[in-house]
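Working notes, structure below.
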Amino acid sequence: MTASPRSTPADTARAAALASRDLVVDLARVACILLVVVIHLLMIGVGYAPDGALVVSRPLEAQPWFAAATWVGQIMPLFFAVGGFTALAAWRSLSRRGGDATAFVRGRVLRLSGPSLPLFAFFAVVLGAATLAGVDPALLDTVATGAGSPLWFLAAFLIAQCAVPWMTQLHARAPRATLALLAAGAVVVDAVRVATGITEIGLVNLLFVWLFVQQLGFWYADGWFRRRRIATLVGIAAAAYLVIWPLVAAGWYSPDMLVNLNPPTVPLLLLGIAQISLLSALHRPLDALMHRRAAQAVVYLVGSRAMTVYLWHLPVIIMVEGLSLLIPGAAPEPGSPAWWLTRPIMFVVVLAVVFAIAPLLVRFERLPTTIPAGRRAPSPLVTAIAMVLAIVPPFLVMQWFLDLQLAIVGTVLVALALLLLRPRRVIGPLAAAT
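Numbering (the working numbering), first residue to last: 348 to 781.
This is the structure:
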């Protein structure tokens, strides 16, 4: 995009900024988040049957085509891949400015864990108040489990993102060997899990699977996928899907790719290959789309509130579904034709509510990562401790689902992590020198 003779300095600056970005990555990131919202809207069904009875169900999972659809709709691998692309760019930019691994990890923890603090605190207050009010514990457990489920992502994504400074070194030295070792590790972990029947062994693949997919983002950033012909990329994607098929047919993995998410398994690794290949194959038309101002506006709007949309959409969905029960005709029987027709309306309403509360949460999504003059950054040890504290709560949610106790633990640990990462006051002779 070149500046026209009538371009203003602002237009020229905007064009330069756009030229330095891969707008298709921005689009993919936003599309992944919005698809998650759509899927959850279709999975949560609360309404009235024709006889007036309250019905709570999961309509999307009841469809005969649901498992097959997850082979396309399970987009977490793509999110981790594009996350690898953006993280690599951020790390290289920080390195050019003299930043080190500690500064990078500190920034990732602040940006990813900051938005989770108000959510943990919200659940601690709401669940605590509901418990004191005598609300049915089974109902609270169901609501908390559903509304808090997106938090699992923070544990896996934080682990992958905080490993970027070291994984980029391996990528620079031996990119093929790094991918091969990560893939082999994922296969071995799954083999041991299947052979022993111990599901928890699969947690080791939080490293192997997600770091492999993140490495694909590094390869994308270096242009490997873009240099391939479209036919080659489509062939790679088809081959990845074909490899998944016998693994599922053998009974080692569920045909439902959502089931294969936690713990992560080899099929997700293969989905990552297919998805980043297809994204690359479609890069030219998607890039043309992203050079339209309307598309840029939508992507910027959602992207600037990405963590808020992701973390808060499920609590909002549950709230909106609950309120719809009070409006005559607004809560049709889940799975009925009327229910499906109301989903687009619900999608708009949920996003509207999320963006309405976003101004209250934006300070947590934009925690400053710079170190002011006269201050110093936390030490590597303190930063590492903060990273662990930030990872523990979402990891516990991933394993045991959210409840009042975990909401309180999450609030305390994440708050402590953010406090540890605050810039320190310089004291002594160094302070006088500054």
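Backbone N, C-alpha and C define an ideal beta-carbon position, used for all residues, glycine too. Remember, predicted model here, so these are calculated numbers, not experimental data.
Can you check whether the CB of residue j is closer than 8 Å to the CB of residue i?
i, j, result
"Thr758", "Ala502", "no"
"Val697", "Val667", "yes"
"Gly650", "Arg376", "yes"
"Pro681", "Gly394", "yes"
"Ala533", "Asn552", "yes"
"Ile732", "Ile506", "no"
"Phe432", "Tyr567", "yes"
"Arg690", "Leu388", "yes"
"Leu605", "Thr417", "yes"
"Val405", "Met390", "First, the amino acid is wrong: residue 405 is Arg here, not Val. Their beta carbons are under 8 Å apart, which means Arg405 touches Met390 by this criterion."
"Leu374", "Val646", "yes"
"Leu765", "Gly461", "yes"
"Leu768", "Arg573", "no"
"Pro602", "Ala414", "yes"
"Ser624", "Leu558", "no"
"Pro740", "Val756", "yes"
"Leu487", "Ala477", "yes"
"Gly392", "Gly564", "no"
Tell me whether residue i is buried or exposed, calling it buried when 16 or more other Cβ atoms sit within 10 Å of its Cβ.
i, result
"Trp659", "buried"
"Asp447", "exposed"
"Gly481", "exposed"
"Ala780", "Annotation note: pLDDT 44 at Ala780 (below 50); position unreliable, coordinate value reported separately. By the neighbour-count rule (16 or more Cβ atoms within 10 Å), Ala780 is not buried but exposed."
"Ala357", "Because the pLDDT at Ala357 is just 48, under 50, the model does not fix this residue reliably, and the value given afterwards should be weighed accordingly. That one is exposed."
"Gly619", "buried"
"His518", "buried"
"Ser754", "A quick correction: the sequence has Ala, not Ser, at residue 754. The residue in question, Ala754, is buried, as its Cβ has 16 or more Cβ neighbours within 10 Å."
"Gln516", "exposed"
"Ile808", "Only positions 348 to 781 of the chain appear in the structure, and residue 808 is not among them; the question remains open."
"Arg455", "buried"
"Pro484", "exposed"
"Arg771", "exposed"
"Leu562", "One point to set straight first is that residue 562 is Gln, not Leu, in the sequence displayed. Classification of Gln562: buried, given that the 10 Å Cβ count is 16 or more."
"Arg652", "buried"
"Leu717", "Note on residue identity: the sequence assigns Thr, not Leu, to residue 717. It counts as exposed."
"Gln410", "exposed"
"Ala597", "exposed"
"Leu526", "buried"
"Ile440", "It is worth fixing the name first, because residue 440 is Ser in this sequence and not Ile. That one is exposed."
"Trp719", "Before going further, note that residue 719 is Pro rather than Trp in the sequence given. Pro719 comes out exposed."
"Val371", "buried"
Bridge partners of residue i, per DSSP?
i, result
"Leu401", "Tyr395"
"Arg722", "Arg772"
Could you have a look at residue i and say whether DSSP puts it in helix, strand or coil?
i, result
"His771", "Note on residue identity: the sequence assigns Arg, not His, to residue 771. Of the three classes helix, strand and coil, the one that applies to Arg771 here is strand, per DSSP."
"Ala357", "The pLDDT assigned to Ala357 is 48, lower than 50, so where the model puts this residue is not dependable; a value taken from the coordinates is nonetheless given after this. The answer is helix: DSSP assigns Ala357 an H, G or I state."
"Ala779", "The predicted model places Ala779 with a pLDDT of 46, which falls under 50 and marks its position as unreliable; any figure quoted below should be read in that light. The answer is helix: DSSP assigns Ala779 an H, G or I state."
"His630", "helix"
"Ala416", "helix"
"Trp571", "coil"
"Arg652", "coil"
"Phe748", "coil"
"Arg453", "helix"
"Pro411", "coil"
"Met666", "helix"
"Asn607", "coil"
"Thr716", "coil"
"Ile380", "helix"
"Met637", "coil"
"Glu547", "helix"
"Tyr657", "helix"
"Gln421", "coil"
"Trp801", "Because the chain in this structure spans residues 348 to 781, residue 801 falls outside the shown range and cannot be described."
"Ile692", "helix"
"Leu672", "coil"
"Ala480", "coil"
"Leu766", "helix"
Can you give the beta carbon distance from residue i to residue j, rounded, assuming they're within the 8 Å contact cut?
i, j, result
"Leu451", "Pro512", "Contrary to the premise, residue 451 reads as Phe rather than Leu in this sequence. Contact flag correct, Cβ pair sits at about 5 Å."
"Val556", "Thr612", "7 Å"
"Trp499", "Met745", "4 Å"
"Arg710", "Val773", "Actually they are not in contact, since the Cβ atoms of Arg710 and Val773 sit about 25 Å apart, beyond 8 Å."
"Pro610", "Ile591", "The pair is not a contact, with the Cβ atoms about 17 Å apart (cut-off 8 Å)."
"Leu751", "Leu474", "4 Å"
"Val761", "Ser463", "6 Å"
"Trp599", "Val541", "5 Å"
I'd like to know if residue i contacts chain B, where contact means its C-beta is closer than 8 Å to some C-beta of that chain.
i, result
"Leu517", "Absent from the structure is chain B; it holds one protein chain and no more."
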